[in-house]
Each structure stands twice: as C-alpha cells, then as structure tokens.
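Data block below; observations after.
Numbering (the numbering used here), first residue to last: 80 to 468.
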C-alpha cells in the first residue's frame with residue numbers, strides 16, 4: 080500500500096483550454112487507465128504521433144497522427160504489468176524511433192523497437208528496482224548513444240542503463256535516493272558543465288497520510304554515474320507530482336516548474352547556473368495538478384506553462400510567461416475528461432501553433448486540444464488509447 084501511494088504521489092500523471100466559449104465534448108470511449116503520453120513520428124510521414132502507456136491493459140497505444148489534429152489507433156504493443164511512463168529515442172541507430180516503458184508492477188522496463196510503420200517489436204526487458212515509476216532518456220556517458228534513467232519508488236533508488244547502440248542496455252549504476260519515494264525525473268545540464276544532470280521528485284510519508292516533498296538534484300559525472308549535489312525544494316505537507324524544465328527568465332540557464340498536488344500549486348525555481356535553484360514564484364492551480372509542460376503557446380517568444388488538474392472536474396490551465404520567471408494565469412478549460420494524468424506538446428495539425436494531448440485516466444481517451452496561437456485552445460478530438468481490458 081505504501082509503495083502504491085508513493086508511486087501515485089510521484090507520477091507525472093502524471094486540452095479546449097481557455098477556449099473563450101462553449102465547446103462540445105467529443106464522445107468518450109471505454110478506457111484502459113492511460114497514465115503517460117509521449118510524442119514522436121513513429122511511421123515516418125512527418126506528422127506527430129502519440130504513444131500512450133495504458134496501465135489497465137498492460138500495453139502502449141500507438142495513435143498515428145492524420146495531420147489535421149485527429150489520430151487513429153494503429154497498434155497496442157504489450158508491455159509488462161501496469162506501465163506507468165513512456166519515453167522516446169532511437170536506441171538502435173536505425174533512424175526509427177523506439178520506446179522505453181516502465182512497468183510498475185513487473186519491476187522492469189520494456190524496450191520496444193520501432194519498425195518504422197507505427198508498429199513496435201519487444202527487443203529486451205530490463206530488470207529495475209521495485210516499482211519503477213518513470214524513465215528519462217539522455218546521453219549520460221557522452222558516447223552519442225541514448226541512455227536511460229529510471230526511478231524506483233519501492234526500493235528508493237535510481238537505475239542508470241547505458242545504451243549499447245543496438246537496442247540493448249547495460250546497468251551502469253544504481254544509486255539511492257536522498258530521501259525516499261523517488262518518482263518524477265527530468266534531465267538537463269543544470270550546472271553548465273556540458274554533462275547531463277538529473278532532478279528527481281521524492282515524497283516521504285511522515286507518517287501517512289502526511290507527506291514531505293523534495294526535489295533533489297544529482298550531478299552527472301559524464302560516465303553514467305551521478306552525485307547528489309543539492310535539494311531544490313523541501314517542504315512538509317507537499318506532494319510533488321510533475322517537473323518541467325525550461326528557461327523561464329531568459330538567462331540561458333535551465334529553470335524548473337514543479338507541481339504540488341497536495342496544495343494545488345506550481346512552484347517556479349530559477350537556476351543559478353551551478354546546479355542550485357531559487358524559488359521565484361508559486362502559482363495557484365486547480366485540485367490535484369498532475370502534470371505540467373512547457374511551450375510558447377501565445378507566440379511571444381516567452382515560455383508558458385500548461386497544467387493538467389486530475390480533479391477539479393478535469394481541466395487544464397494556461398499560465399503565460401512574463402519573461403522574468405513569473406507567470407500570469409490566462410484561463411482554464413471546462414472539464415475535458417475524467418482524471419487528467421499527463422500532457423504532451425506538439426504541432427498536430429501543421430499550422431505552426433503548439434497543440435496539446437492530455438490523457439484521461441478514467442475514460443481511456445486522449446483529448447486533443449488545438450492551439451489558437453494566443454494561448455487558448457479548442458478541443459478537436461478524443462481518440463481511445465487502446466482496447467479495453
């Protein structure tokens with residue numbers, strides 16, 4: 080029970096957004112508990128597609144983009160039990176995008192190699208720690224081959240797998256979390272040394288149901304190993320559920336946006352360039368913000384935020400960036416689905432404006448929100464993410 084709660088606390092569960100009018104909800108199909116979504120061109124037609132981790136059916140739903148903001152379910156390759164996150168990369172160097180999927184109940188990561196037509200073949204299964212929550216992709220040893228970082232909420236650790244370039248991976252290191260319950264993980268060069276670092280959200284029961292949240296930074300050594308270098312956020316009665324990386328104040332240094340679903344906020348931490356972060360501002364969201372993503376949604380050249388709220392009726396909020404690390408609430412969508420868990424960004428209809436895809440946990444669908452270019456969005460479609468269990 081404890082491990083299950085910790086995983087939920089840390090998952091990036093974790094889009095008509097601010098449409099300025101009433102928009103009809105597209106039909107909702109039976110669901111398979113989609114928990115994560117990633118964007119990539121999986122069939123080589125130049126149109127963004129979606130990969131959705133379906134915890135209820137132990138599969139990844141591959142939705143091929145039609146280029147007009149609609150998607151067609153193409154395949155549902157099997158994974159391990161309870162897939163909780165999905166990451167995209169070319170793991171065997173053939174120019175076709177592949178997938179890495181964490182399986183929370185199997186304690187594994189499934190490596191699915193893309194065939195270039197929207198279908199995938201299971202290539203290998205990596206053993207992780209207990210209850211892996213999230214996988215992130217980066218070149219951690221500087222050899223030009225994608226590697227993997229996996230948070231293990233049950234065993235309080237992070238596993239680093241180095242890619243061999245043929246779609247297989249070797250476990251390089253497993254280091255303990257600073258506190259416990261590591262969940263969401265993001266990659267960036269936070270100290271400007273040219274080596275990728277990690278930021279990990281950790282949530283500690285103190286005791287249940289009270290939670291102490293931390294965002295911990297691990298400095299990359301350039302060989303696939305990492306060293307704890309500091310804690311960004313540390314506070315009682317918070318539960319960090321999602322992290323996004325972006326330069327929010329225009330100084331060329333990565334900053335962090337971190338959702339706290341216990342209090343309904345997003346904290347903005349600006350980077351100092353040495354791996355240290357300073358709290359700049361805190362934004363109020365709806366109930367249980369589960370996922371935050373970054374993009375320039377109004378075309379002013381300044382990064383904005385989109386936040387999915389799992390509760391509050393299932394809404395997404397847009398916060399426009401002011402260019403100094405502060406944000407202004409633009410608007411919120413009406414309810415678009417049951418239990419919003421994750422967001423992905425892409426230009427799904429080819430008009431040059433950023434769009435959003437949001438997974439609806441209870442209904443087993445993805446809401447496709449087309450950007451209007453001014454920070455508002457219009458609901459376009461809600462395709463099912465896979466075959467119902």
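Glycine included, each C-beta is placed from N, C-alpha and C at the ideal position. Please read these numbers as outputs of a predicted model, since none were measured by experiment.
Spatially closest choice to residue i from the options, by CA coordinates
{"i": "residue 227", "options": "249, 161, 436", "result": "249"}
{"i": "residue 396", "options": "404, 368, 445", "result": "368"}
{"i": "residue 231", "options": "239, 224, 341", "result": "239"}
{"i": "residue 439", "options": "126, 281, 416, 279", "result": "416"}
{"i": "residue 206", "options": "200, 184, 266", "result": "184"}
{"i": "residue 178", "options": "242, 126, 348", "result": "242"}
{"i": "residue 276", "options": "260, 362, 247, 237", "result": "237"}
{"i": "residue 271", "options": "458, 353, 462", "result": "353"}
{"i": "residue 123", "options": "138, 193, 161", "result": "193"}
{"i": "residue 310", "options": "317, 332, 318, 281", "result": "281"}
{"i": "residue 444", "options": "121, 139, 127, 120", "result": "139"}
{"i": "residue 405", "options": "390, 316, 348, 132", "result": "348"}
{"i": "residue 267", "options": "458, 333, 358, 357", "result": "333"}
{"i": "residue 155", "options": "317, 431, 191", "result": "191"}
{"i": "residue 356", "options": "172, 313, 160, 180", "result": "313"}
{"i": "residue 409", "options": "229, 385, 346, 283", "result": "385"}
{"i": "residue 269", "options": "229, 195, 331", "result": "331"}
{"i": "residue 132", "options": "146, 172, 180", "result": "180"}
{"i": "residue 398", "options": "429, 358, 346", "result": "346"}
Extent of the continuous beta strand (DSSP E) run through residue i
{"i": "residue 369", "result": "368 to 374"}
{"i": "residue 341", "result": "Note, residue 341: premise wrong, no beta strand (DSSP E); not H, not E."}
{"i": "residue 293", "result": "290 to 299"}
{"i": "residue 324", "result": "319 to 325"}
{"i": "residue 163", "result": "162 to 168"}
{"i": "residue 462", "result": "Where residue 462 is concerned, there is no enclosing beta strand (DSSP E), given that its DSSP letter is neither H nor E."}
{"i": "residue 120", "result": "First-last for residue 120: undefined, no H or E at that position."}
{"i": "residue 394", "result": "394 to 400"}
{"i": "residue 408", "result": "406 to 411"}
{"i": "residue 434", "result": "434 to 439"}
{"i": "residue 231", "result": "226 to 231"}
{"i": "residue 177", "result": "177 to 182"}
{"i": "residue 450", "result": "444 to 450"}
{"i": "residue 383", "result": "383 to 388"}
{"i": "residue 61", "result": "Residue 61 is absent from the structure shown; the chain starts at 80 and stops at 468."}
{"i": "residue 128", "result": "128 to 133"}
{"i": "residue 153", "result": "150 to 154"}
Inter-residue Cα distance where the pair is residue i and residue j
{"i": "residue 262", "j": "residue 292", "result": "11 Å"}
{"i": "residue 264", "j": "residue 360", "result": "21 Å"}
{"i": "residue 392", "j": "residue 418", "result": "8 Å"}
{"i": "residue 335", "j": "residue 341", "result": "18 Å"}
{"i": "residue 76", "j": "residue 174", "result": "A question about residue 76 goes unanswered here, because the residues of the chain that appear run from 80 up to 468."}
{"i": "residue 212", "j": "residue 260", "result": "10 Å"}
{"i": "residue 129", "j": "residue 148", "result": "11 Å"}
{"i": "residue 407", "j": "residue 215", "result": "29 Å"}
{"i": "residue 465", "j": "residue 158", "result": "13 Å"}
{"i": "residue 350", "j": "residue 338", "result": "17 Å"}
{"i": "residue 202", "j": "residue 223", "result": "20 Å"}
{"i": "residue 163", "j": "residue 189", "result": "11 Å"}
{"i": "residue 109", "j": "residue 441", "result": "With a pLDDT of only 27 at residue 109, under the threshold of 50, the placement of this residue in the model should not be trusted, and no figure is reported."}
{"i": "residue 125", "j": "residue 425", "result": "12 Å"}
{"i": "residue 414", "j": "residue 378", "result": "25 Å"}
{"i": "residue 176", "j": "residue 462", "result": "22 Å"}
{"i": "residue 453", "j": "residue 245", "result": "43 Å"}
{"i": "residue 435", "j": "residue 390", "result": "18 Å"}
{"i": "residue 318", "j": "residue 217", "result": "26 Å"}
{"i": "residue 121", "j": "residue 457", "result": "25 Å"}
{"i": "residue 118", "j": "residue 127", "result": "6 Å"}
Own chain partners of residue i with C-beta closer than 6 Å, once the 5 adjacent residues on each side are dropped
{"i": "residue 307", "result": "257, 297"}
{"i": "residue 402", "result": "329, 381"}
{"i": "residue 411", "result": "394, 396"}
{"i": "residue 153", "result": "141, 143, 197"}
{"i": "residue 186", "result": "207, 209"}
{"i": "residue 274", "result": "299, 301"}
{"i": "residue 320", "result": "93, 338, 340, 369"}
{"i": "residue 323", "result": "336, 371, 372, 373"}
{"i": "residue 501", "result": "Outside the displayed span of the chain (80 to 468) sits residue 501, for which this structure offers no information."}
Other residues of its chain near residue i: CB distance less than 8 Å, five sequence neighbours each side excluded
{"i": "residue 382", "result": "325, 326, 327, 373, 374, 375, 400"}
{"i": "residue 421", "result": "91, 92, 93, 113, 114, 115, 116, 369, 370, 387, 437, 438"}
{"i": "residue 220", "result": "226, 241, 251, 301, 302, 303"}
{"i": "residue 471", "result": "Nothing about residue 471 can be reported from this structure: the residues present for the chain run from 80 to 468 only."}
{"i": "residue 145", "result": "126, 151"}
Cβ-based neighbour list, residue i, same chain, cut-off 7 Å, excluding 5 preceding and 5 following
{"i": "residue 344", "result": "361, 362, 363, 364"}
{"i": "residue 233", "result": "82, 208, 209, 210"}
{"i": "residue 254", "result": "236, 237, 305"}
{"i": "residue 160", "result": "137, 182, 184, 185"}
Distance cut-off 8 Å: residue i Cβ against heavy atoms of the ligand SAM
{"i": "residue 369", "result": "Absent from the structure shown: the ligand SAM. Ligands present: none."}
Inset, instruction - Mind the definition here: the segment 156 to 169 touches the segment 440 to 450 only if three or more C-beta pairs lie below 8 Å; say whether that holds. - result: no
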